[in-house]
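Notes for the one structure printed next.
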Amino acid sequence: MLRTARQLHVHRNTLLYRLAKLEELRGRQVREPKHAFAMYLACLADLLEFPEN
Numbered sequence: 006m007l008r009t010a011r012q013l014h015v016h017r018n019t020l021l022y023r024l025a026k027l028e029e030l031r032g033r034q035v036r037e038p039k040h041a042f043a044m045y046l047a048c049l050a051d052l053l054e055f056p057e058n
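Heads up: take any position in the sequence shown, counting from 1, add 5, and you land on this note's numbering.
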């Protein structure tokens, strides 16, 4: 977690809080690989549908 927090330029506790909040809102454990992968695919789909430029 510390390495990920550093890469995101946030404090480790901030990352843990955001993950917990995401799990609360989605009702799924984002640290479980199948749920993390599903969320990753959803983010990719969102980027493909709404490009920033």
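Where is the CB? At the ideal position from N, CA and C, for every residue including glycine.
- Under the criterion of beta carbons closer than 8 Å, Met6 and Leu21 qualify as touching, at roughly 7 Å.
- DSSP places Met6 outside both helix and strand once states are collapsed to three, so it counts as coil.
- Taking the Cα positions, Leu49 is about 11 Å away from Phe42.
- For Glu29, the three-state secondary structure derived from DSSP is helix.
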